[in-house]
Amino acid sequence: MWEHVVSWASRSNVRQLVLCCAVVAGVMCASLTTRAAEPTSGLAADPAVDPVIGDERAVTYHPDHAQVAALPVDQAIGIGRHLFEARFTRLDGVGRPAATQSEIPTRRVPGNFPPFFRTSGPEANSCRGCHNQPSVGGAGDFVANVFVSDGISDADFDSLDPQFSNERGTVAINGAGFVELLAREMTRELQAQRQAGLQQARTTGKSQRVALTSKGVSFGFVTLDPDGFVDIREIQGVDHDLVIRPFSQKGVFSSLRQFTINALNAHHGMQADERYGAQWTGTPDFDGDGKAKEISTGDVTALVLFQASLPTPVRRLPAAPVLRAAVATGKQVFAEVGCPTCHRTSLPLTSSIFAEPNPLNTAGTLRPSETARPALLQLDRSGFEKNAAGQILVPLFSDLKRHRIADEDHPYFANELLGQRFVGRDVFITPRLWGVGDTAPYGHRGDLTTLREAILQHGGEAASARKAFEGRPRADRNAVIEFLKHLRLPTGSAS
Amino acid sequence: MSRLSIVLFLLTVVSGTAVGATPPRMIEETAGSGISHQYTGGWAFFVGGGVAVFDCNADGYPDVFLAGGSSASALYVNASSRGGVLSFRQSTDPVTDMTDVTGAYPLDIDGDGQMDIAVLRQGKNVLLRGRGGCRFARANDDWTFDGGKAWTTGMSATWESDQRWPTLAVGNYVDRSKPGSPWGTCHDNSLFRPNAAGTGFAVRHRLTPGYCSLSVLFSDWNRSGIPDLRISNDRQYYKGGQEQLWVVAPGKAPRLRTVQEGWQKLKIWGMGIATRDLTGDGYPEYFLTSMGDNKLRTLAKGAGRPTYKDMARQVGVTAHRPFIGTDVLPSTAWHAQFEDVNNDGFVDLFVAKGNVEAMKDFASADPNNLLLGGADGRFAEAADVAGLASTEKARGAAVVDFNLDGLPDVLVVNRRANVQIWRNVGRGTADHVVPMGNWIGLQIQQPGDPNRNAVGAWIEVRSGTRTQRTEIVVGGGHASGQAGWHHFGVGVAERLTVRIQWPDGEWSPWLRLFANQFARISRGNTEARLWLPSQQAGGQ
């Protein structure tokens with residue numbers, strides 16, 4: 001069809017072409033406007049407009065970022081909750097017959113694609129469909145696993161074979177607001193250290209080897225030459241641009257917004273205009289489903305605020321005294337065997353004000369320079385301790401650093417065949433253990449039903465800690481399990 | 001295919017617009033830039049008016065050498081702050097302040113790591129050796145270079161295999177000394193190959209016939225590994241002339257491509273050459289500026305034959321007359337350059353325009369063009385929206401990121417009017433820059449090789465399913481050239497992979513880079529080296 005139209009257009013007289021297209025366009029527009037029961041514009045009217053009888057859209061109001069930023073934050077979060085729980089329909093723009101799951105707008109090769117495609121998406125009706133344990137925004141059962149592939153070079157067969165995708169468990173989003181703030185601060189610190197080293201190199205005329213450390217976590221070294229060139233070969237656990245990317249199992253996404261836009265497209269075929277809109281793709285309906293402007297900037301902002309505001313994981317001591325005592329013992333053993341080398345008990349955070357959008361966002365993910373004002377959210381830090389400097393100690397049990405977690409003796413966690421975003425197959429970001437008592441099953445594939453199995457599969461950089469754990473008496477090992485079990489997710493989704 | 005998509009497609013075909021291409025905002029900062037310079041003179045300086053852009057003091061910020069015509073040429077050192085207003089200070093020196101200069105090209109001739117300048121003149125051409133710190137010395141004698149005395153308007157360079165010195169092609173215009181000048185009295189062009197001793201250049205080799213060239217370019221049109229020399233000629237003065245393609249094979253005398261080989265006669269008022277692989281087939285297209293409709297040449301029968309067809313009308317780059325105002329006469333186009341000014345991943349085309357002087361049959365109010373490339377492969381005019389539609393008599397130009405903020409800026413040399421310079425502020429304002437797409441700036445080097453800057457290499461930048469390709473060249477444009485960071489816009493891609501096909505054909509591995517930074521790719525290294533600009537030009 002495309003080829004015929006193009007060849008006909010190239011041969012026709014221009015005036016005839018204009019006339020014909022005007023007629024066709026008129027017919028098309030007329031047919032569209034008569035179908036009032038199925039609005040096709042992604043920018044539906046605000047709630048003040050009379051409802052449409054028989055309307056099966058899940059979302060009828062698509063504000064822009066400025067509108068959401070101007071709302072009381074509770075109201076903005078409410079919009080985000082609605083979007084998170086919405087079961088999108090075709091009328092909302094579900095589906096992407098012409099586009100792949102890629103984070104870069106990418107055309108699908110021609111072929112037959114059912115509306116739902118379990119392995120390369122769309123494969124979910126709502127965010128909540130997977131993120132629901134123990135409540136909205138939580139983790140997911142093994143049945144809610146996703147199959148991650150880049151949508152660029154990977155073939156989208158409906159196959160579970162790991163050569164086509166990486167199978168991943170659904171993680172809990174609770175506490176993500178604090179995680180993103182930590183990542184921003186750590187990025188700023190690392191880049192400031194690099195810049196200071198560069199300044200020193202230029203001043204002294206000598207290369208400077210700078211230790212990269214943030215919040216007590218070492219990220220290796222970087223060497224700065226006086227002429228401005230940077231030797232990145234000693235950088236560890238972070239990308240060479242020194243941006244901490246805390247989201248996804250491999251730690252490859254820098255912001256909730258970036259992840260949300262990717263997920264909306266991949267899992268629902270709902271394309272955010274700021275990434276898939278005409279300014280980047282040349283068409284307002286890149287996924288070819290007949291719906292333009294499916295997700296607005298305000299939609300994404302609201303979703304981010306909702307996710308960032310999800311209550312943080314808690315500690316819930318068991319009732320039985322013997323188990324409480326075991327928790328205390330387990331906390332001590334956890335530290336003694338070296339788990340906090342990576343699973344840092346807490347990381348200090350200077351500011352708990354979440355400003356959206358993230359200053360580290362790049363093109364295709366709304367940036368602060370593209371907005372008149374940020375949306376601001378004061379995260380609930382009640383219950384968190386503070387250090388002597390007045391910083392909030394976020395008890396996430398992670399260093400937000402990537403590590404090689406498998407080796408020849410313990411290859412279990414190197415099960416994937418596809419790298420992701422420049423990160424090798426056996427490298428993952430340290431999972432955040434806060435809430436781990438409620439996020440079974442375990443492992444990045446979610447195929448380990450017990451915490452003990454997950455611990456015993458640690459290899460690579462974690463081998464020494466695992467060996468130390470294995471060498472402890474059974475009582476100590478059980479105590480560690482009790483300690484981890486008491487790290488719980490909240491049962492509600494309102495902070 | 002949805003009905004909405006069909007309608008959108010048809011509207012795109014009808015409107016001829018590149019749907020979705022967003023123009024950047026260009027703020028003219030001529031008055032405060034510190035550059036006060038005009039290209040002046042009589043008939044001998046109706047053509048030319050070029051600019052060489054390169055870093056002469058190793059701070060990474062591009063500096064500028066401007067032709068002056070009857071006025072002295074001038075060297076301006078970049079004094080901008082990173083991301084800030086564009087600022088330059090003149091560096092006066094008798095060596096760089098010459099009269100009768102028509103254009104200039106930067107290149108490292110002697111392979112010492114310092115950029116040199118090939119200065120084109122109405123008269124004796126001069127090679128200036130870079131000494132660092134934006135200081136230069138005349139090197140004609142040391143390098144045994146015969147500057148001649150022709151009216152020179154174009155220059156290109158290539159490094160032939162196993163040679164430590166480049167081969168220079170010099171394009172000459174009208175021979176004013178011949179009887180009957182200027183009609184049918186075009187000067188021969190010249191080829192300078194390295195001498196046998198490896199210390200400079202051999203005697204000049206005439207490239208006959210000459211057809212009043214205004215732009216020359218060594219380019220590997222068929223990816224054979226051996227660039228041919230394309231010469232664009234001004235039909236205004238030649239008789240029996242045409243566009244030319246010379247085979248310059250190592251160790252052999254140069255010869256012209258023939259009709260039998262597939263080279264077809266094309267007669268234009270050839271002013272400038274720009275090149276980029278636009279179709280993604282791995283072979284370069286060539287945009288030829290002219291009077292009236294400009295040409296966009298693409299291979300018609302594959303890489304086996306130098307047969308070209310024109311696609312300018314198909315993609316909307318004829319730019320044949322003023323797109324604003326009431327002037328309906330044909331345009332006169334000079335310098336052209338492909339560059340992604342909005343970083344959307346689709347390369348754009350800047351064309352400098354202006355009447356030759358007072359040619360009444362051609363547009364007098366002739367604005368520059370900024371043709372934005374779109375996802376559909378077409379280009380759409382945006383110079384007026386961007387703020388670049390000046391109607392001064394533009395000649396040479398450069399589209400370069402002068403303040404290293406990832407947004408390419410524009411400098412235009414005008415005849416009998418001040419040089420104009422615009423700062424790209426993206427979608428923002430002079431006080432609040434709003435970046436557009438993601439980008440990468442690349443420096444390509446062959447350490448230890450006399451061709452240090454890898455002239456003749458191909459850069460491939462892959463993001464998503466798209467691969468952008470460009471050839472590293474010295475030459476083309478209109479009397480204007482640049483050396484330094486190779487800029488690519490990559491749209492919404494946060495990561496990209498890059499590889500290089502070095503001049504000898506060897507491929508580098510794919511190197512991984514994040515967007516929005518500068519990086520050096522050195523032959524033999526498996527990782528790129530990042531580069532961090534100083535906050536101020538000058539290093540601190």
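Chains A and B, in that order, give the protein sequences. Numbering-wise (this note's numbering), the first sequence opens with residue 1 and increments by one. Numbering-wise (this note's numbering), the second sequence opens with residue 1 and increments by one. Glycine residues also receive a C-beta, built at the ideal position from the N, C-alpha and C atoms. Owing to the predicted nature of the structure, the values given are computational and were not obtained by experimental measurement.
Environment of L489(A) [buried if 16+ CB atoms lie within 10 Å]: Position 489 of the first sequence, counting from 1, holds the residue named residue 489(A). By the 10 Å Cβ count, L489(A) comes out buried.
Among G228(A), P51(A), T491(A) and S135(A), nearest to R316(A) - alpha-carbon criterion: The residue given as residue 316(A) occupies position 316 in the first sequence. With distances taken between Cα atoms, R316(A) lies closest to T491(A).
Environment of G441(B) [buried if 16+ CB atoms lie within 10 Å]: Position 441 of the second sequence holds residue 441(B). Under the 10 Å beta carbon count, G441(B) is surrounded by 16 or more other beta carbons and is classified as buried.
Q114(B), DSSP secondary structure in three states: To locate residue 114(B), count along the second sequence from 1; it is residue 114. Of the three classes helix, strand and coil, the one that applies to Q114(B) here is coil, per DSSP.
Cβ-based burial, V427(A) [other Cβ within 10 Å; buried from 16]: By one-based count along the first sequence, residue 427(A) stands at place 427. With 16 or more neighbouring CB atoms inside 10 Å of its own CB, V427(A) falls in the buried class.
Against chain A: residues of the region 466-494 of chain B by CB proximity under 7 Å: Under the 7 Å Cβ criterion, the region 466-494 of chain B contributes G491, V492, A493 and E494.
Contiguous alpha helix (DSSP H) assignments of at least 4 residues, all confined to the region 147-202 of chain A: Complete alpha helix (DSSP H) runs here, min 4: none at all.
A104(B), DSSP secondary structure in three states: As a first step, residue 104(B) must be located in the second sequence, where it is residue number 104. Strand at A104(B).
7 Å Cβ shell around I173(A) - same chain, five flanking residues per side excluded: In the first sequence, counting from the first residue as 1, residue 173(A) sits at position 173. Setting aside the 5 residues that flank it on each side, I173(A) is surrounded in the same chain by H131, G137, Q307 and L310, each with a C-beta closer than 7 Å to its C-beta; the list follows chain order.
Contacts that V230(A) makes with chain B (C-beta to C-beta distance below 8 Å): Here residue 230(A) refers to the residue found at position 230 of the first sequence. Within chain B, the C-beta atoms nearer than 8 Å to that of V230(A) come from R529, L530, W531 and L532, in chain order.
Chain B contacts from the region 274-289 of chain A (Cβ-Cβ distance under 7 Å): Residues R275, A278, Q279, W280, T281, G282, T283, D285, G288 and D289.
Bridge partner(s) assigned by DSSP for D228(B): Mapped onto the second sequence, residue 228(B) falls at position 228. Looking at the DSSP assignment, D228(B) forms a beta bridge with S219(B).
Endpoints, the beta strand (DSSP E) within which Y173(B) is located: Taking the second sequence and counting its residues from 1, one reaches residue 173(B) at position 173. Y173(B) -> no beta strand (DSSP E), and no H or E assigned at all.
Positions along the region 502-522 of chain B whose CB lies within less than 7 Å of some CB in chain A: Contact annotation: in the region 502-522 of chain B, residues whose CB is within less than 7 Å of a CB in chain A are R512, F514, A515, N516, Q517 and R520.
Residues that F113(A) contacts on chain B, provided the C-beta gap is smaller than 9 Å: Within the first sequence, the letter at position 113 stands for residue 113(A). Under the 9 Å cutoff, chain B gives no residues; its nearest Cβ is about 13 Å from F113(A).
Under the three-state DSSP convention, the category A18(B) falls into: What you label residue 18(B) is simply residue 18 of the second sequence in a count that begins at 1. Legend: pLDDT at A18(B) = 48, less than 50; position of this residue unreliable, no value from coordinates given.
9 Å Cβ cutoff, R452(B) in contact with chain A: For the purposes of this step, residue 452(B) is taken as residue 452 along the second sequence, with counting starting at 1. Contacts with chain A at 9 Å (Cβ-Cβ) do not include R452(B).
CB contact check: T22(B) to chain A, cutoff 9 Å: Position 22 of the second sequence, counted from the start, is the residue given in the question as residue 22(B). Taking Cβ atoms only, chain A reaches closer than 9 Å to T22(B), which makes this a yes.
Proximity of N343(B) and N438(B) at Cβ, strictly below 9 Å: Counted from its first residue, the second sequence places residue 343(B) at position 343. Counted from its first residue, the second sequence places residue 438(B) at position 438. Less than 9 Å separates the beta-carbon of N343(B) from that of N438(B).
Beta-carbon spacing of S81(B), Q482(B) below 9 Å: In the second sequence, the residue the question calls residue 81(B) occupies position 81. In the second sequence, the residue the question calls residue 482(B) occupies position 482. Contact flag unset, no.
Own chain partners of G16(B) with C-beta closer than 6 Å, once the 5 adjacent residues on each side are dropped: Locating residue 16(B) in the second sequence gives position 16, counting from the first residue. Low per-residue confidence applies at G16(B): pLDDT is 40, beneath 50, and the placement is therefore not dependable, though the value from the model is reported in the following sentence. Excluding sequence neighbours, G16(B) sits near G316.
Residues of the region 232-263 of chain A with Cβ closer than 7 Å to any Cβ of chain B, in chain order: Cβ contacts with chain B: I232, R233, D239, H240 and D241.
Chain B contact for P105(A) (CB, 9 Å cutoff): If you number the first sequence from 1, residue 105(A) lands on position 105. It does: the Cβ of P105(A) has a partner Cβ on chain B nearer than 9 Å.
Continuous alpha helix (DSSP H) stretch holding A328(A): start and end: Counted from its first residue, the first sequence places residue 328(A) at position 328. It spans P321 to E336 - the alpha helix (DSSP H) in which A328(A) sits, taken as one unbroken run.
Check whether L75(B) and T92(B) have beta carbons under 9 Å apart: As a position in the second sequence, residue 75(B) is number 75, starting the count at 1. As a position in the second sequence, residue 92(B) is number 92, starting the count at 1. The answer is yes: Cβ separation under 9 Å.
Residues within the region 397-418 of chain A neighbouring chain B, beta-carbon criterion of under 9 Å: Listed by position, the residues of the region 397-418 of chain A near chain B (Cβ gap below 9 Å) amount to none.
Interface flag, G364(A) vs chain B, CB-CB below 9 Å: Taking the first sequence and counting its residues from 1, one reaches residue 364(A) at position 364. True, the Cβ-Cβ gap to chain B drops below 9 Å.
Unbroken beta strand (DSSP E) run spanning W458(B), endpoints: Looking up residue 458(B) in the second sequence gives position 458. Run containing W458(B): W458 to S463, per the beta strand (DSSP E) assignment.
Residues of its chain near E553(B), where Cβ-Cβ distance is below 6 Å and the 5 sequence neighbours each way are ignored: A query on residue 553(B) cannot be resolved here, the shown segment of chain B reaching from 1 to 540 and no further.
Cut-off 6 Å between Cβ atoms - residues of its own chain near G387(B), not counting five sequence neighbours on either side: The count along the second sequence starts at 1 and reaches residue 387(B) at position 387. Answer for G387(B): M26, listed in chain order.
CB of W221(B) within 9 Å of CB of L299(B), strictly: If you number the second sequence from 1, residue 221(B) lands on position 221. If you number the second sequence from 1, residue 299(B) lands on position 299. Yes.
Residue from F221(A), L400(A), L379(A) and H458(A) with nearest C-alpha to A414(A): Mapped onto the first sequence, residue 414(A) falls at position 414. Measuring from the Cα of A414(A), the nearest candidate turns out to be H458(A).
Buried/exposed call for F500(A), threshold 16 Cβ in 10 Å: Lying before the first or after the last residue shown, residue 500(A) is absent from chain A, which here runs from 1 to 495.
Positions along the region 189-209 of chain A whose CB lies within less than 7 Å of some CB in chain B: Cβ contacts with chain B come from L198 and R202.
Below-9 Å beta-carbon distance, R3(B) vs any chain A residue: As a first step, residue 3(B) is located in the second sequence; it is residue number 3 there, counting from the start. With a pLDDT of only 47 at R3(B), under 50, the local geometry of the prediction cannot be trusted, and the value read off the model is given with reservation. Cβ-Cβ to chain A under 9 Å: yes for R3(B).
DSSP three-state assignment for Y76(B), whether helix, strand or coil: What you label residue 76(B) is simply residue 76 of the second sequence in a count that begins at 1. In the three-state reduction of the DSSP assignment, Y76(B) falls in the strand class.
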